[in-house]
Amino acid sequence: MEKIEKKEGFAETFAQVLEKLAGTESDLELKFKDFVIETAGLKTKLTGSILVNIAYYPRRKPLEEGK
């Protein structure tokens, strides 16, 4: 149960960072070494980085039905 709470905390923090960078046309690089992912009992160790290009697109107003 504790691991889930930590993941939710990371997700919330990451979402806040993305929100603050929105509209700045920034790049966010996440680097990791010996990152272990376990799925269905299989463990995989990863080393590398992920580059997130952040752009802002204004939301359009939804089209009214019938128009």
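For the working numbering, add 1304 to where a residue sits in the sequence shown, where the first one is 1.
For every residue, glycine included, the Cβ atom is placed at its ideal position computed from N, Cα and C.
Given the structure is predicted, the values throughout are model-derived calculations rather than measurements.
Provide the residue span of the beta strand (DSSP E) that contains isoleucine 1341, from first to last.
-> Element bounds for isoleucine 1341: 1331-1343.
Three-state class that DSSP yields for isoleucine 1308 in the structure shown = Since pLDDT at isoleucine 1308 reaches only 45, below the 50 mark, its modelled position is unreliable, and the value read off the structure follows with that caveat. Of the three classes helix, strand and coil, the one that applies to isoleucine 1308 here is helix, per DSSP.
Taking threonine 1292 as the reference, which of Leu1322, Phe1339, Thr1317, Asp1331 has the closest Cα?
-> A query on residue 1292 cannot be resolved here, the shown segment of the chain reaching from 1305 to 1371 and no further.
Cα separation between valine 1321 and phenylalanine 1336?
-> Taking the straight line from one Cα to the other gives about 18 Å.
When the cut-off is 9 Å and only beta carbons count, does threonine 1328 lie next to chain D?
-> Absent here is chain D; the protein component of the structure consists of one chain.
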